[in-house]
Amino acid sequence: MKVLIVASEVVPFAKTGGLADVAGALPKALESMGVEARIMMPRYKIIDEEKFGLKPSSRLSPLFFDVPCAGKKERAILKSSSTGKNIPVYFIENKKYFNRDGLYGDTKGDYPDNGERFSFFCRAVLEGLKAVFFKPDVIHCNDWQTGLIPVYIKTLYRDDPDIRNIKTLYTIHNLAYQGLFNPEIMDFAGLDRALFNYHQLEFYGKVNFAKGGLVFSDALNTVSEKYAKEIQTPEFGCGLDGALRERTKDLYGIINGIDYEEWNPSTDKYIAEKYDSETLEGKNINKQKLQGAFGLPKLDVPLIGFIGRLADQKGLDILASAFPELVKQDLQFVLL
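Right, here's the structure in full:
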């Protein structure tokens, strides 16, 4: 099987959150199972060409290619690198859309043209596949930034012999981020306005890229079995619970794994003392080093750590309600 993983961020090239970790680690796991996996992502300004060895590949023909946007052509460039044990990574370069300091925005907020940027990216993925002579069996789309890929395959590319038979998997990492844009983005994306309806792309007067992914993809999954059930309820569905219930037979919960090469305390260069299952004393030394860094006096009490964004999605509301009782216990708490 051949799989193309498409994501807006991938470790080690660009990262703002957990999506990048999954997109970087999953191809390596697939390769170990005998799947031929490749990656495609934007070529952002922050990606150091020299550090990561980005180069035009001899297999890229043409190196430059055109992407239809707003009734005209927008030029894109394909560059390549690799990750893991020589897993190909293709970068879509366009200075107009991706030569910026941030991935999705700056200190003022989201970039106002994110709809254009990622509708361009979605279509460039399909056009770029023709340039790399790689025909995947499945395109694995991740979050709203890739949501139009399944839409394009089922509409504009339905008669394209190179694209039409490719299946799509759309993964929901965080349903709270949906990619909402004014209806005019339909014209830029080259999509028929007839798709702007309640059952397809319309969402309270906006075009919803995430909805496009979950309506048009062949299969859906999210990051755990419980989350797959939760997002089909009004409480956690972020307005898309109805659409998700309609796809319930195609929706799977698959818990995120972990990259043991990256998260391995026996080789981790960022901890004070390395350890493994046979030498747990190193774990206690790391705890003491952390306590010392924060001036925590008692070394023999439980130390609780929390790493995550300060958002209800991360359970901060639950933690806040439990905290008055927690602090009555003889323990320590560190929040990053």
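Position one of the sequence shown corresponds to residue 1 (full-length UniProt numbering), numbered consecutively onward. Just so you know, even glycine gets a beta-carbon here, dropped at the ideal spot from N, CA and C. Since this is a predicted model, take the numbers as computed values, not measurements.
In whole angstroms, what separates the C-alpha of residue i from that of residue j?
i    : j    : result
N221 : P183 : 27 Å
E49  : L19  : 22 Å
L326 : M33  : 44 Å
A76  : A131 : 11 Å
A25  : M40  : 14 Å
I153 : A320 : 45 Å
V89  : K226 : 32 Å
L169 : K269 : 35 Å
P42  : K328 : 49 Å
G102 : L129 : 26 Å
G71  : Q178 : 25 Å
P112 : P150 : 24 Å
A322 : L316 : 10 Å
A293 : K287 : 10 Å
I166 : V138 : 6 Å
D143 : I46  : 21 Å
D312 : P161 : 45 Å
R164 : A219 : 16 Å
N264 : N256 : 17 Å
Y44  : E74  : 17 Å
S277 : A228 : 33 Å
V215 : G17  : 25 Å
N99  : A23  : 21 Å
According to the Cβ coordinates, are residue i and residue j closer than 8 Å?
i           : j    : result
C141        : S224 : no
L303        : V334 : yes
K283        : A272 : no
T155        : L180 : no
V11         : P136 : no
L244        : G237 : yes
S266        : Y275 : yes
V67         : A124 : yes
residue 342 : Q332 : Within the shown structure, residues of the chain are numbered from 1 to 336, placing residue 342 beyond reach of any answer.
L126        : Y157 : yes
N114        : Y104 : yes
F64         : F13  : no
K314        : G308 : yes
K108        : F91  : no
I87         : E31  : yes
Y239        : F196 : According to the sequence provided, residue 239 is Gly. The question's Tyr does not apply to it. Not closer than 8 Å, so no.
F134        : R38  : yes
Please name the residue, chosen from the options, that lies closest to residue i on a Cα-to-Cα basis.
i           : options                   : result
residue 339 : F188, K167 and L54        : With the chain represented from 1 up to 336, any question about residue 339 goes unanswered, as that position is not in the structure.
E246        : I231, I255, K287 and K314 : I231
S81         : I47, L54 and S277         : L54
L175        : G109, A219 and A210       : A210
G147        : V6, I318 and D312         : V6
D250        : I172, A293 and V22        : I172
E262        : D330, D162, D21 and V138  : D21
H199        : R164, D110 and G242       : G242
V35         : G17, P56, I47 and M1      : M1
C69         : I185, L336, D330 and T233 : I185
D330        : L336, G17 and V301        : V301
L336        : L310, I318 and P234       : L310
Quick one: give me the first and last residue of the beta strand (DSSP E) that residue i is part of.
i    : result
L63  : Here L63 belongs to no beta strand (DSSP E), and DSSP marks it neither H nor E.
V89  : I87 to E93
F306 : L303 to F306
M1   : Neither: M1 is in no beta strand (DSSP E) and is coded neither H nor E.
G253 : L251 to G253
Mind reading off the beta-carbon distance from residue i to residue j? Whole number of angstroms is fine, and I expect it under 8 Å.
i    : j    : result
G84  : K15  : Contact doesn't hold; Cβ gap of about 16 Å is too wide.
L201 : G213 : Contact doesn't hold; Cβ gap of about 10 Å is too wide.
Q145 : F121 : 7 Å
Where do the N-terminal and C-terminal ends of the alpha helix (DSSP H) with residue i fall, by residue?
i    : result
S81  : Per DSSP, S81 belongs to no alpha helix (DSSP H); it is in the beta strand (DSSP E), K72 to T83.
C122 : N114 to V132
N284 : E281 to A293
L19  : G18 to S32
E50  : E49 to F52
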